[in-house]
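Read through the structure below, which is laid out as structure tokens, and then see the notes.
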Amino acid sequence: MSTKTQENLTLKIESVRQEMLEAGMKLGLNHPNTIDLSHKLDQLLNKYQGLK
């Protein structure tokens, strides 16, 4: 994959990670929104690992 694709994915990972942390602090770790963001982050991280 291109470096640009990797950079875009890295930015998306950081964005979702920050969103998940904020949701966890505001809503709690067991809140459905926090869990959904965690799953989304897992998918992005798996995709990133596949690029390497």
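The numbering of the sequence shown is our numbering, which starts it at 1 and goes up by one. Glycine residues also receive a C-beta, built at the ideal position from the N, C-alpha and C atoms.
DSSP three-state assignment for S15, whether helix, strand or coil: Secondary structure at S15: helix, using DSSP grouped into helix, strand and coil.
Short Cβ contact (7 angstroms threshold) for L37 with E19: The answer is yes: Cβ separation under 7 angstroms.
Burial state of T10, where buried means 16 or more other Cβ atoms lie within 10 Å: It is exposed - the Cβ of T10 has fewer than 16 other Cβ atoms within 10 Å.
Three-state secondary structure (DSSP) of G50: Helix, per DSSP.
Whole-angstrom distance between K52 and N12, CA atom to CA atom: According to the sequence shown, residue 12 is Lys rather than Asn. A straight-line Cα-Cα distance of about 17 angstroms links K12 and K52.
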